[in-house]
Each structure stands twice: as structure tokens, then as C-alpha cells.
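These notes are about the structure you will find just below.
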Amino acid sequence: MLNIQNTKLFWASCLALLVTSLSFGIRAGIMNQLGIDFQLSTSQLGTITAAAFWGFPLAIVVGGFVVDMIGMKRLLVMAFIFHLAGIVLTIFAQGYWSLFLSTLLIGIANGTVEAACNPLVAALYPENKTTRLNHFHLWFPGGIVIGTLLVTLFVQLGLGWKVQVAMMIIPTLIYGYLFSKLDFPVTERVSSGYSSSDMYKAVLSPLFIFMFICMFGTAITELFTGQWIGLLLKNVTDNAILLLTLTTGIMVIGRGFAEPVVHRLAPQGVLLLSAIFAAAGLYMLSTFTGNSIFFAAIIFGIGVCYFWPTMIGFVAENVPKSGALGLNLMGGAGMFAVSIYTMFMGNFYDNLIVKHLPAGASLSVYLKAPENSASAQALANAKNLAGPEILQATLIIPIILIVAFGGLVIYLRSRKKSRSVAL
């Protein structure tokens with residue numbers, strides 16, 4: 035009976051994460067259209083996108099502090115309410131501020147889902163945490179695949195972005211209903227008997243702080259590139275949004291088959307190989323052209339595939355006393371870093387575009403230029419040059435991660451040998 039209950043809770047969690055990822059996939063697909071419809075600059079689009087990454091760390095960190103007290107079920111009811119409100123407000127958006135607020139609400143909902151579901155999955159499967167977290171998190175790229183395919187299909191059918199956003203209401207209502215009917219366990223920290231003092235000491239340990247900082251880089255490499263790939267490479271390929279679909283498709287497959295990979299390499303080995311592939315893929319995306327760019331997307335997808343769930347799984351296995359707070363601080367660190375980086379790169383992207391426009395040009399004038407005009411063509415050419423430059427600037431992050439995770443592998447091997455000698 036308990037296994038059936040655990041299975042139902044796991045699949046309801048996956049459905050909640052599906053809504054989270056649909057919000058990323060659909061928004062990535064409609065960003066360009068939102069810019070056109072509301073006459074928004076790239077900087078404004080960057081700020082709107084960043085709102086989701088602000089709401090997420092706010093919710094996941096607050097959730098990490100209160101989940102042991104109020105329970106995971108109450109958090110998920112709150113996530114349902116925020117998701118529903120954010121989706122409806124997006125559909126009826128009138129401009130920049132309503133889009134900003136709706137995205138912020140969806141970000142808060144997304145963070146609340148992870149604040150409850152990461153510790154829930156760890157509590158349901160205490161003997162196999164990293165693998166099961168990978169299985170849970172495959173629904174994030176899975177939802178992005180579904181979302182981007184829906185965007186592509188609806189565009190072909192002539193259906194607007196409001197219909198695309200409205201599609202998220204269906205899985206939201208389903209997961210809200212399922213969670214209302216199920217009973218939840220206590221978090222793993224509570225069931226293990228670790229005190230709050232143990233938890234706070236654990237999140238201040240050197241190993242946790244190291245992983246916390248590395249989470250900045252893994253999240254930016256995966257999520258910033260994923261959210262912006264259609265925008266940055268739109269003028270390099272006619273199928274830019276399919277690059278995101280291909281990348282996330284690779285991530286779904288990889289996370290689905292995570293068990294043998296994690297058991298063979300250990301989480302730290304997986305992270306090191308991931309950083310190597312991510313750096314190679316990002317370099318290829320910024321330099322390849324034509325059909326070869328799809329090969330680059332595959333390499334990049336392999337690279338970022340295991341980042342997020344394996345970072346959380348590593349902490350769950352190696353710093354268990356950090357409990358739900360530790361897992362949620364990791365997620366909050368990742369999303370906060372992406373929000374700051376997205377805002378910074380939005381301004382940087384606008385500046386790069388201006389640099390590639392005729393001298394003395396005003397970006398706002400070019401954004402309002404009629405389609406097929408000389409000004410519109412000049413703007414397209416400027417974006418064509420600026421997009422890959424953003425990816426090349428981001429490449430330094432996975433290169434730093436290669437060094438960091440290489441050091442982590444060496445450290446853990448030496449620690450294991452020292453313990454063996456002591457025994």
C-alpha cells in the first residue's frame with residue numbers, strides 16, 4: 035500500500051514539474067512574438083524572463099525554511115494557486131508590467147513546486163536519491179520539449195500565443211486535484227532525527243558552500259542558454275526553436291537512463307563529464323552554421339543533461355544533514371544566478387546589436403522599423419552577429435566548472451583513500 039502511495043506522489047510531482055517546464059518552453063517559444071506585439075526591447079524581454087528566475091529562488095528558499103514546519107502538501111497547494119494566477123494574468127496581459135507580474139507569479143509557483151518536490155522525492159526514495167531525482171527532473175526538459183513543439187504546431191495552425199499559454203491550465207488543474215487527495219510523509223531530515231542545529235551546521239560546511247557556488251555556473255550554463263537559444267540563434271537558423279527541442283530531448287533520454295551512469299561514474303564524475311560536454315557544445319553552438327549546428331545542440335544537451343538533478347542529488351547523498359533546506363538552497367542559488375545573468379546579458383546583447391548597426395543608430399527606431407525594410411534587415415544582420423557572441427561570452431562558465439569538478443573528483447578520491455587507510 036505504501037509503495038502505491040509513493041508511486042502516486044512521485045507521478046503527481048512529475049506532473050507539477052511538467053507545468054513548471056511548460057512555462058519555460060512556451061515562454062521561450064513566444065518571446066520573439068511578445069517583443070513584436072508589445073514593442074519590447076531585448077533588455078525588457080530579458081527583465082521579463084528574469085522575473086521567473088527571481089520568483090523561483092524567493093519561493094524555493096522560503097519553502098526550504100518552512101517545509102519541515104508546514105508540510106509539503108500545503109506548499110504544493112500554494113504552488114497550484116500561484117500557477118493558476120500567473121497563467122491567467124499572462125493570457126490577459128496588456129503590456130510590460132502585466133507580463134512582468136505574471137512571469138513573477140509563475141516563477142514563485144515553479145520555486146514552490148521544487149521546494150516541496152525535491153525533498154519529497156528524497157524522502158520517498160532514501161536509498162536511490164540521485165537516480166530518482168534525475169527521473170523526476172527529466173520532466174523539466176520533457177515539458178520544454180512538449181512546450182516548444184506545441185508552440186511550433188500552434189504557429190503553423192495560426193493560433194496565437196494566448197492559446198499556447200492557456201494550454202498550461204489543464205495539467206495545473208490535474209496536479210492540484212491529485213495532491214489534494216494524497217497523504218504526504220515527513221521530510222527525510224525529520225524522519226532521520228537530525229536537529230535544526232545539525233541542518234544549519236551542514237549548510238555552512240565547506241563542501242556544501244563549494245557546491246552552492248558551483249550551482250551558479252551549472253544553472254546559468256543550462257537555463258540561460260535554453261531560455262535564450264531561440265532568440266540568440268534565430269537569424270543563424272530558421273529552426274532555432276527546434277534547437278531547444280533537440281537539446282531538451284537529449285536531456286529527457288539521458289535523465290531517463292541516469293541509473294547506470296550515476297552508479298558507474300558517481301555523481302562527481304558525472305558532473306565533471308557534463309562540464310566538459312557543455313563547454314564543447316556551447317563553443318560549437320557559437321561557431322557552427324547550417325545543419326552542423328544541430329550536432330552542436332546534441333553535444334550541448336549531453337553536457338547539461340545531468341547538471342541540475344545531480345547537483346541536488348550530490349548534496350542529498352554527501353551532505354544529508356542539510357535536509358530540505360540544503361536541497362532548496364541549491365535550487366535557489368541556481369535560479370538567482372540565472373536571473374542576474376539574464377538581466378546583465380540582456381543589456382549586453384542590446385549593446386552588441388547597437389555596435390553592429392550603422393554608427394549613431396538608435397535601437398528603438400530599428401525595433402519599430404517596418405518588416406522587410408532596409409532598417410529591419412540591418413537589425414536582423416546585427417542580431418545575427420550578436421547572438422553567437424553572447425554564447426561565446428558564456429563559454430567561460432563551463433570551462434571554470436571543468437576545473438572545479440576536476441578538483442572535486444580528486445578531493446573525494448583522496449578522502450576515500452584516507453578513510454580506507456584509517457580503517
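Here this note's numbering is used: the first residue of the sequence shown is 35, the next is one more, and so on. Quick reminder that beta carbons are idealized off the backbone N, C-alpha and C, glycines included. Note that this is a predicted model, so its numbers are computed, not measured.
- Within the model, the alpha-carbon separation for Ala156 versus Phe58 is close to 24 Å.
- The C-beta separation of Phe90 from Met369 comes to about 4 Å, placing the pair in contact by the 8 Å criterion.
- Non-local C-beta neighbours of Ile333 in its own chain, meaning closer than 7 Å and more than five positions away in sequence, comprise Phe311, Ala314, Gly315 and Met318, ordered along the chain.
- Within a 10 Å sphere around the beta-carbon of Asn362 sit 16 or more other beta-carbons, which makes this residue buried.
- Ile38 and Ser308 have their C-alpha atoms some 34 Å from each other.
- Counting only the Cα atoms, Asn415 lies some 31 Å from Pro175.
- Three or more pairs of CB atoms, one per stretch, sit closer than 8 Å, so the stretch 374-389 contacts the stretch 77-85.
- For Tyr383, the number of other beta carbons within 10 angstroms of its own is at least 16, and it is reported as buried.
- Around the beta-carbon of Gly192, fewer than 16 other beta-carbon atoms lie within 10 Å, marking it exposed.
- Residue state for Tyr228 is assigned as coil, using DSSP reduced to three classes.
- Taking C-beta atoms under 8 Å as the contact rule, Leu43 and Phe218 qualify, at a distance of about 7 Å.
- Per DSSP, the unbroken alpha helix (DSSP H) holding Gln190 starts and ends at Trp173 to Leu191.
- Judged by DSSP in its simplified three-state form, Tyr130 adopts helix.
- When the five nearest sequence neighbours on each side are left out, the beta carbons in the same chain lying within less than 7 Å of the beta carbon of Gln67 are those of Trp195, in order along the chain.
- CA-to-CA, the gap between Phe188 and Val111 works out to about 30 Å.
- For Leu278 against Gly260, the beta-carbon gap comes to about 6 Å, under 8 Å, which counts as contact.
- The beta carbon of Thr182 sits closer than 6 Å to those of Gly59, Gly63, Ile275, Leu278 and Thr279, all from its chain and outside the five residues before and after it, given in chain order.
- Around the beta-carbon of Tyr445, fewer than 16 other beta-carbon atoms lie within 10 Å, marking it exposed.
- By the Cβ-count criterion, Met103 is exposed, with fewer than 16 other Cβ atoms from all chains shown falling within 10 Å of its own Cβ.
- For Phe382, the enclosing alpha helix (DSSP H) has its first and last residue at Gly357 to His390.
- Just measuring C-alpha positions, the residue of Ala253, Leu359 and Phe258 sitting nearest Val224 is Leu359.
- The continuous alpha helix (DSSP H) containing Ser320 extends over residues Ala292 to Thr321.
- The beta-carbon distance between Leu56 and Met202, rounded to whole angstroms, is 5 Å. This is short enough to meet the 8 Å contact definition.
- Taking every protein chain shown into account, the CB of Pro153 has 16 or more other CB atoms within 10 angstroms, so this residue is buried.
- Two segments are said to touch when three or more pairs of C-beta atoms, one from each, lie closer than 8 Å; by this definition the stretch 282-289 touches the stretch 161-181.
- By the criterion of a C-beta distance shorter than 7 Å, Val237 is surrounded in its chain by Ser356, Leu359, Gly360 and Leu363, once the five residues flanking it on both sides are discounted.
- Segment contact: the stretch 131-151 against the stretch 240-260, fewer than three CB-CB distances shorter than 8 Å; contact not assigned.
- Annotated three-state conformation of Met103 is helix, per DSSP.
- Ranked by Cα distance from Leu306, the options Thr281, Ile327 and Cys339 are led by Cys339.
- The DSSP-derived three-state label of Asp217 is coil.
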